[in-house]
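What follows is a short report on a single structure.
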Amino acid sequence: MRSSPDQVLRLVAFGLGALAALFAAAELTNAVAPEGRVEPLASDDPLRAELSRCRMVTPEKLDTDTVCRTAWAEQRRRFLGLPSDDPGKE
């Protein structure tokens, strides 16, 4: 029994459609972000705790909060890899 060109085209179209649906489903499962909040890792670094507190400081209080300014300066120094002002600290 010979297949007509219409049957071959239908079979190819069906196969391509199924393949496209499979790829779309795989992409959709990768694109959906997990729900819920990601908790930060616990740290023994007191600078992290201070920076976390400083994120909540209002702009009005920021002018007088020298502790936050010092914490941000230390974080900036660490990030940029600059030497410490206190040689016994590191």
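Residues -26 to -1, 1 to 64 in mature numbering (1 follows the signal peptide of the UniProt record, and there is no 0) are what the sequence shown lists, from first letter to last. Ideal Cβ placement from N, Cα and C applies to all residues, glycine included.
Query: Count the other C-beta atoms from every protein chain shown that fall within 10 angstroms of the C-beta of alanine 5, then say buried if there are 16 or more, exposed otherwise.; Result: exposed
Query: Out of curiosity, what's the CA-to-CA distance linking valine 41 and arginine 52?; Result: 17 Å
Query: Rounded to whole angstroms, what's the CA-CA distance from leucine 36 to glycine 55? Just pull it up for me.; Result: 25 Å
Query: Could you pull out every unbroken alpha helix (DSSP H) segment of at least 4 residues lying fully inside the region 20 to 44, listed in chain order?; Result: 20 to 28 and 33 to 36
Query: Would you kindly work out how many angstroms separate the C-alpha atoms of aspartate 19 and alanine -3, rounded to a whole number?; Result: 44 Å
Query: Which of the three DSSP states is assigned to glycine -12 in this structure?; Result: helix
Query: In whole angstroms, give me the CA-to-CA distance for alanine 45 and leucine 2.; Result: 42 Å
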